[in-house]
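K.L.:
Counting in the numbering used here, the sequence shown runs from 160 upward without gaps. Yeah, the Cβ is synthetic: ideal placement off N, Cα and C, and Gly gets one too.
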Amino acid sequence: MFLAVDNLGKSFSDQDDESFEVFSEIDLNIEENQFVSLLGPSGCGKSTLLSMVAGLESISKGSIKLEGEEIKKAGPDRGMVFQSPSLFPWLNVKENVLFPLKGHWSKQEASERADRFLKMVHLSRFKNHYTHELSGGMQQRVAIARALAMDPKVLLMDEPFGALDEQTRHILHEELMKIWQETQKTILFVTHSIQEAIKLSDRVVVMGTRPGRIIADFTIDLPRPRKREDEEVIALERKVMDLLEGEINKVLKEELSHEVSY
Ligand SMILES: Nc1ncnc2c1ncn2[C@@H]1O[C@H](COP(=O)(O)OP(=O)(O)OP(=O)(O)O)[C@@H](O)[C@H]1O
Ligand SMILES: [Mg+2]
160 MFLAVDNLGK SFSDQDDESF EVFSEIDLNI EENQFVSLLG PSGCGKSTLL SMVAGLESIS
220 KGSIKLEGEE IKKAGPDRGM VFQSPSLFPW LNVKENVLFP LKGHWSKQEA SERADRFLKM
280 VHLSRFKNHY THELSGGMQQ RVAIARALAM DPKVLLMDEP FGALDEQTRH ILHEELMKIW
340 QETQKTILFV THSIQEAIKL SDRVVVMGTR PGRIIADFTI DLPRPRKRED EEVIALERKV
400 MDLLEGEINK VLKEELSHEV SY
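1. What residue does the beta strand (DSSP E) around Ile379 start on, and which one ends it?
2. Compare the beta carbon distance of Val212 and Arg237 with 8 Å and say whether it is the shorter of the two.
3. In or out: Gln298 buried (at least 16 other Cβ within 10 Å) or exposed?
4. Would you check whether ligand 2 has a heavy atom nearer than 7 Å to the C-beta of Asp376?
5. Measure the alpha-carbon distance for Glu334 versus Asp176 and round it to whole angstroms.
6. Per DSSP, Thr345 forms a beta bridge with which residues?
7. Return helix, strand or coil for Leu323, following the three-state DSSP convention.
8. Just to confirm before moving on: does the CB-CB distance between Leu260 and Thr290 stay below 8 Å?
9. Restricting to runs no shorter than 3 residues, where is the beta strand (DSSP E) found entirely within the stretch 230–275?
10. Using three-state DSSP, classify Asp414 as helix, strand or coil.
11. Pick out whichever of Ser178, Glu268, Val365 and Asp317 has its Cα sitting closest to the Cα of Ser206.
12. So, do the stretch 225–241 and the stretch 281–289 have three or more beta carbon pairs nearer to each other than 8 Å?
13. Between Thr207 and ligand 1, is the CB less than 7 Å from at least one heavy atom?
14. Confirm, please, whether the CB-CB distance from Leu402 to Val375 is below 8 Å.
15. For Ser360, count neighbouring C-beta atoms within 10 Å of its own C-beta (all shown protein chains included) and say buried if the count is 16 or more, exposed if not.
16. Is the Cβ-Cβ distance between Ile230 and Gly214 less than 8 Å?
17. Among residues of its own chain, excluding the 5 on either side of Gly168, which ones have a beta-carbon nearer than 6 Å to its beta-carbon?
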């Protein structure tokens with residue numbers, strides 16, 4: 160298996176050294192080139208799982224293997240794109256993309272790679288601009304170019320389009336689909352949008368909470384581009400929505416009962 164998450168558990172300890180378990184047995188196998196979306200109620204551990212695959216968060220139990228190699232720390236084979244683009248404001252667009260390439264590629268190769276991926280996200284014209292001169296969608300495209308320029312085997316995206324308006328998001332969906340087809344990357348994509356997940360993915364994995372766990376895993380064989388009004392798309396949307404609503408209601412009920420007793 161290309162990316163294998165096996166019996167994965169994560170606990171955090173708080174100030175009083177009390178342990179809090181986010182999830183205790185996540186199993187997830189992802190094939191090479193697959194586009195997998197992860198959906199689930201807030202707090203179920205989506206970002207935690209992604210950070211663990213990125214090697215930014217320690218593993219409490221179980222293992223994550225990429226092409227058979229156990230993941231122990233961050234590495235250039237995994238690229239991460241966050242909800243906020245987290246670019247350096249004192250560097251221009253090209254310098255931002257170049258930054259992580261230093262030490263991995265020669266100066267000329269790094270420059271060529273930065274140019275190539277900025278072109279891929281249609282930002283060549285803006286390579287000398289500073290990030291405050293760009294719109295939110297453009298900044299997110301710089302972050303995508305920066306992650307891709309490292310040539311990672313896996314691209315991890317945590318609600319990358321969550322803060323964008325509908326129209327920009329639509330454009331970036333198209334760009335991401337093209338990039339994915341061109342670069343053949345394996346993508347693990349976290350989102351709160353059921354429509355976004357169904358539009359983009361080969362698989363939609365739904366997580367539940369308390370404890371965090373995988374409650375459903377849908378394979379989507381429909382050809383792309385997918386239309387929202389397609390009957391199969393609507394049916395799947397309904398199924399995922401019902402599952403998520405059930406989980407969210409569970410959390411709300413639990414939180415409300417705490418408030419009453421308090
Ligand atoms: N560094 C940390 N220390 C302690 N607890 C943490 C830490 N990071 C996350 N948690 C807890 O782990 C749980 C899962 O958090 P996580 O951010 O993974 O959720 P999520 O599914 O990404 O939620 P959202 O959809 O709101 O982004 C939450 O209860 C959160 O409070
Ligand atoms: Mg999150």
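P.N.:
In this structure, then:
1. Working through the sequence shown from its first residue, we reach residue 379 at position 220. Premise fails: Ile379 is in no beta strand (DSSP E) and is neither H nor E.
2. Within the sequence shown, numbered from 1, the residue matching residue 212 stands at position 53. Within the sequence shown, numbered from 1, the residue matching residue 237 stands at position 78. Yes, Cβ-Cβ distance for Val212 and Arg237 is below 8 Å.
3. Position 139 of the sequence shown, counted from the first residue, corresponds to residue 298. Label assigned to Gln298: buried.
4. For the purposes of this step, residue 376 is taken as the residue at position 217 of the sequence shown. Not under cutoff, so the answer is no.
5. Translated into the one-based positions of the sequence shown, residue 334 becomes position 175. Translated into the one-based positions of the sequence shown, residue 176 becomes position 17. Distance between Glu334 and Asp176, taken at the CA atoms: about 45 Å.
6. As a first step, residue 345 is located in the sequence shown; it is residue number 186 there, counting from the start. BP columns for Thr345 point to Val313.
7. If you number the sequence shown from 1, residue 323 lands on position 164. In the structure shown, Leu323 sits in coil (DSSP, three-state: anything other than H, G, I, E or B).
8. As a first step, residue 260 is located in the sequence shown; it is residue number 101 there, counting from the start. As a first step, residue 290 is located in the sequence shown; it is residue number 131 there, counting from the start. No, these two residues do not count as a Cβ contact at 8 Å.
9. 237–240
10. On the sequence shown, position 255 is the one that residue 414 refers to. First, the residue type needs correcting, since residue 414 is Glu and not Asp in the sequence shown. In this structure, Glu414 counts as helix in the three-state DSSP scheme.
11. Indexing the sequence shown from 1 puts residue 206 at position 47. Among Ser178, Glu268, Val365 and Asp317, the Cα nearest to that of Ser206 is on Asp317.
12. no
13. Indexing the sequence shown from 1 puts residue 207 at position 48. Yes - ligand 1 has a heavy atom lying nearer than 7 Å to the Cβ of Thr207.
14. Taking the first residue of the sequence shown as position 1, residue 375 is located at position 216. Taking the first residue of the sequence shown as position 1, residue 402 is located at position 243. It should be noted that the sequence gives Ala, not Val, for residue 375. For Ala375 and Leu402, yes; Cβs fall inside 8 Å.
15. If you number the sequence shown from 1, residue 360 lands on position 201. Per the 10 Å Cβ criterion, buried.
16. Translated into the one-based positions of the sequence shown, residue 230 becomes position 71. Translated into the one-based positions of the sequence shown, residue 214 becomes position 55. Closer than 8 Å, so yes.
17. Here residue 168 refers to the residue found at position 9 when the sequence shown is read from its first residue. Excluding positions up to five away in sequence, the list reads Ser183, Ser219, Lys220 and Gly221.
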